[in-house]
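**Student:**
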Amino acid sequence: MKRALITGINGMDGSHLADLLLTKGYEVYGMERRSSSKNRTNTGHLEGRVTFVNGDLTDQNSLVRVLRESDPDEVYNLGAQSFVGESWNTPEQTGDVTGMGCLRMLEAIREYGKDVKFYQASTSEMFGKMVENPANENTPFYPRSPYGVAKLYAHWMTKNYRESYDMFNVSGILFNHESERRGIEFVTRKITDGVAKIYLGYEDHIRLGNLDSRRDWGYSPDYVECMWLMLQQDKPEDFVIATGKSHSIRDFLDVAFNCVGIDDWSNYVVQDERYMRPAEIDVLCGDSTKAREILDWYPKTAFQEMVSRMVKKDVGLLSD
Ligand code: F7E
595 MKRALITGIN GMDGSHLADL LLTKGYEVYG MERRSSSKNR TNTGHLEGRV
645 TFVNGDLTDQ NSLVRVLRES DPDEVYNLGA QSFVGESWNT PEQTGDVTGM
695 GCLRMLEAIR EYGKDVKFYQ ASTSEMFGKM VENPANENTP FYPRSPYGVA
745 KLYAHWMTKN YRESYDMFNV SGILFNHESE RRGIEFVTRK ITDGVAKIYL
795 GYEDHIRLGN LDSRRDWGYS PDYVECMWLM LQQDKPEDFV IATGKSHSIR
845 DFLDVAFNCV GIDDWSNYVV QDERYMRPAE IDVLCGDSTK AREILDWYPK
895 TAFQEMVSRM VKKDVGLLSD
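Position 184 (the sequence shown) corresponds to 778 in this note's numbering; numbering is contiguous.
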């Protein structure tokens, strides 16, 4: 039986990846920080099936301990300060967890000394102000946030340790991906939660920032499959994972409001300066031809289907 360690187990991707690996017969270990109030909203259903271990990406020795406890064949580094907007408020902490945290895990694996395959959660935020559209594995990077810069450091460290120490390290450069388990601070879930509240009569508007930015949005359960596939290859390589289609926040609003029978949402959305970013990425769009050719991966869930699932889930949660 293979053993996997997932950092960031309680996040959206961590919980979907754990679900997937359990169906494949893995013994799954999930790393979380010790805290008095556990955030197991996404992982409550995994209690008893996943072994939760205490560790912190800002504490080198805790990572070595976690590796000894879990003795993994595969490590998926999904832990991060992952909210781009927050990274301007806490740039140093973002650099420490999101950038240095990856280096610490790579060092811990070296120290541990056994053959461990390593997956790093790289991101389309590294392309930032895209110099080529759609972006592929050879497109130059131009991050636009402290988060994007920290992720780029982690990305290059993953590659550097692969080349320096012959480690099986891969980076998945994933474009935006969402699901019913997305945190409420991200725009997609903020919208689906807001639409559900308006539909049920709890609120009368949603406050948002820039409505014109465009993102290439896929569905998280489809995307975690790539993480696993990348570690099953003979050769460690990096892959761009995307749908190849970009939609604006306005498009997202159209579909989400449409799910509850509202065609014109203009009276329900208020633009608020507080949610504007110091530097914005206008458009992100990715080309995952390499993943299709080598991993035989393609996105299964359409944009409309994903939005509709998220709205339905939020209406259900608020109606309970
Ligand atoms: O913003 C705009 C905002 O916070 C998307 C993370 O998973 O994907 C995610 O990062 C867009 C931006 O996600 C609001 O300005 C407008 O243009 O949902 P988001 P993100 O920044 O794209 C990448 C790939 C990651 O790696 C990240 O970890 O939506 N926007 N109004 C807003 N965004 C938020 N959060 N809130 C608003 O009210």
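For glycine and all other residues, C-beta sits at the position ideal for the given N, C-alpha and C.
Buried or exposed for S664, going by 16 or more other Cβ atoms inside 10 Å?
**Tutor:** What you label residue 664 is simply residue 70 of the sequence shown in a count that begins at 1. Looking at its Cβ environment, which holds 16 or more other Cβ atoms inside 10 Å, S664 is buried.
**Student:** At what residues does the alpha helix (DSSP H) containing G695 begin and finish?
**Tutor:** Residue numbering aside, residue 695 sits at position 101 when the sequence shown is read from its first letter. Here the alpha helix (DSSP H) through G695 covers G695 to Y706.
**Student:** Under a Cβ-count criterion, where at least 16 other Cβ atoms within 10 Å of its own Cβ denotes burial, should G880 be classed as buried or exposed?
**Tutor:** Position 286 of the sequence shown, counting from 1, holds the residue named residue 880. Buried: at least 16 other Cβ atoms inside 10 Å.
**Student:** At what residue ranges does the segment 772 to 823 contain a whole run of the alpha helix (DSSP H), taking only runs of 4 or more?
**Tutor:** You should have 781 to 794.
**Student:** If you check the beta carbons only, do V660 and Q675 fall under 8 Å apart?
**Tutor:** For this step, residue 660 is matched to residue 66 along the sequence shown. For this step, residue 675 is matched to residue 81 along the sequence shown. No, these two residues do not count as a Cβ contact at 8 Å.
**Student:** In chain order, what are the residue ranges of uninterrupted alpha helix (DSSP H) at least 4 long that sit wholly in the segment 617 to 675?
**Tutor:** Here the runs fully enclosed are 654 to 664.
**Student:** Since I767 sits in a beta bridge, which residues does DSSP pair it with?
**Tutor:** Looking up residue 767 in the sequence shown gives position 173. BP columns for I767 point to S716 and V834.
**Student:** How would you write the range of the alpha helix (DSSP H) that I600 sits in, first residue to last?
**Tutor:** On the sequence shown, position 6 is the one that residue 600 refers to. Looking at the DSSP string, I600 is not in any alpha helix (DSSP H); the run it does join, the beta strand (DSSP E), is R597 to T601.
**Student:** Kindly confirm or deny that the segment 751 to 759 and the segment 789 to 801 touch, where touching means at least three C-beta pairs closer than 8 Å.
**Tutor:** Touching, no, given that fewer than three Cβ pairs across the two stretches are closer than 8 Å.
**Student:** So, helix, strand or coil for K711, using DSSP?
**Tutor:** On the sequence shown, position 117 is the one that residue 711 refers to. Note: K711 maps to strand in three-state DSSP.
**Student:** Quick check: is any heavy atom of ligand 1 less than 7 Å from the C-beta of K711?
**Tutor:** Stepping through the sequence shown from its first residue, residue 711 is reached at position 117. Not so, every heavy atom of ligand 1 lies at least 7 Å from the Cβ.
**Student:** Considering just the uninterrupted stretch of the beta strand (DSSP E) at Q865, what are its terminal residues?
**Tutor:** Counted from its first residue, the sequence shown places residue 865 at position 271. That run of the beta strand (DSSP E) goes V863 to Q865.
**Student:** Can you tell which of V818, I603 and D816 has the C-alpha that lies nearest to the C-alpha of G649?
**Tutor:** Taking the sequence shown and counting its residues from 1, one reaches residue 649 at position 55. Comparing Cα positions, the closest option is I603.
**Student:** S919: beta carbon under 7 Å from a heavy atom of ligand 1?
**Tutor:** Any answer about residue 919 is impossible in this case: the structure gives the chain only from 595 up to 914.
**Student:** For a quick check, are the C-beta atoms of S840 and L768 less than 8 Å apart?
**Tutor:** Mapped onto the sequence shown, residue 840 falls at position 246. Mapped onto the sequence shown, residue 768 falls at position 174. Not in contact: S840 and L768 (Cβ atoms no closer than 8 Å).
**Student:** Touching or not, the segment 631 to 642 and the segment 728 to 740, by the rule of three or more beta carbon pairs under 8 Å?
**Tutor:** Contact between the segment 631 to 642 and the segment 728 to 740 is absent, because fewer than three Cβ pairs lie under 8 Å.
**Student:** Going by Cα to Cα distance, which pick from Q687, S842 and F833 is closest to Y892?
**Tutor:** Counting from 1 along the sequence shown, the entry for residue 892 is found at position 298. Checking every option, the nearest Cα to that of Y892 belongs to F833.
**Student:** Please classify Y759 as buried or exposed, where buried requires at least 16 other C-beta atoms within 10 Å of its C-beta.
**Tutor:** As a working mapping, residue 759 is identified with position 165 in the sequence shown. Y759 comes out exposed.
**Student:** What residues in its chain sit with their C-beta under 8 Å from that of M870, if we drop five residues either side in the sequence?
**Tutor:** Position 276 of the sequence shown holds residue 870. The answer, listed in chain order, is G803 and N804.
**Student:** When burial is assigned at 16 or more other CB atoms within 10 Å of the CB, is I843 buried or exposed?
**Tutor:** Counting from 1 along the sequence shown, the entry for residue 843 is found at position 249. Flag for I843 reads buried.
**Student:** I need the straight-line Cα distance from E819 to A885, nearest angstrom please.
**Tutor:** In the sequence shown, counting from the first residue as 1, residue 819 sits at position 225. In the sequence shown, counting from the first residue as 1, residue 885 sits at position 291. Spanning the two alpha carbons is a distance of roughly 11 Å.
**Student:** Go ahead and label S913 buried or exposed: buried means 16 or more other beta carbons lie within 10 angstroms of its beta carbon, across all protein chains shown.
**Tutor:** For the purposes of this step, residue 913 is taken as the residue at position 319 of the sequence shown. The residue in question, S913, is exposed, as its Cβ has fewer than 16 Cβ neighbours within 10 Å.
**Student:** Just to confirm my understanding: we take G742, look at its own chain, exclude 5 residues before and 5 after, and list those with CB closer than 7 Å. What are they?
**Tutor:** Working through the sequence shown from its first residue, we reach residue 742 at position 148. Around G742: E719, M720 and G722.
**Student:** Does DSSP put V877 in a helix, a strand or coil?
**Tutor:** Counting from 1 along the sequence shown, the entry for residue 877 is found at position 283. Strand, per DSSP.
**Student:** Using the Cα positions of L823 and H771, report the straight-line distance between them to the nearest angstrom.
**Tutor:** The residue labelled residue 823 in the question sits at position 229 within the sequence shown. The residue labelled residue 771 in the question sits at position 177 within the sequence shown. The straight-line gap from Cα to Cα measures roughly 17 Å.
**Student:** Could you tell me if E705 is buried or exposed, where buried requires 16 or more neighbouring beta carbons within 10 angstroms of its beta carbon?
**Tutor:** Residue mapping note: residue 705 aligns to position 111 of the sequence shown, counting from 1. E705 is exposed by the Cβ-count criterion.
**Student:** Going by the DSSP bridge assignment, what does A729 pair with across the sheet?
**Tutor:** In the sequence shown, counting from the first residue as 1, residue 729 sits at position 135. Paired residues: G880.
**Student:** Could you give the first and the last residue of the continuous alpha helix (DSSP H) run that contains T684?
**Tutor:** For this step, residue 684 is matched to residue 90 along the sequence shown. It is not in any alpha helix (DSSP H) - T684 carries neither H nor E in the DSSP assignment.
**Student:** By the three-class DSSP mapping on this structure, what secondary structure does S840 have?
**Tutor:** Taking the first residue of the sequence shown as 1, we reach residue 840 at position 246. Coil, per DSSP.
**Student:** Any heavy atom of ligand 1 inside 7 Å of the beta-carbon of G602?
**Tutor:** By 1-based counting over the sequence shown, the position of residue 602 is 8. No.
**Student:** Excluding the 5 residues flanking L640 on each side, which residues of the same chain have their C-beta closer than 6 Å to its C-beta?
**Tutor:** Counted from its first residue, the sequence shown places residue 640 at position 46. Correct list, in chain order: A612.
**Student:** I believe S716 touches S656 by the beta-carbon criterion, under 8 Å. Please report the beta-carbon distance rounded to the nearest angstrom.
**Tutor:** The count along the sequence shown starts at 1 and reaches residue 716 at position 122. The count along the sequence shown starts at 1 and reaches residue 656 at position 62. Between S656 and S716 the Cβ distance is about 23 Å, and since that is not below 8 Å, they are no contact.
**Student:** Let me check you understand the geometry: is the CB of L802 closer than 7 Å to at least one non-hydrogen atom of ligand 1?
**Tutor:** On the sequence shown, position 208 is the one that residue 802 refers to. True, at least one ligand heavy atom lies under 7 Å from that Cβ.
**Student:** Please identify the residue among D876, R627 and V647 whose C-alpha is closest to the C-alpha of P666.
**Tutor:** To locate residue 666, count along the sequence shown from 1; it is residue 72. Among D876, R627 and V647, the Cα nearest to that of P666 is on V647.
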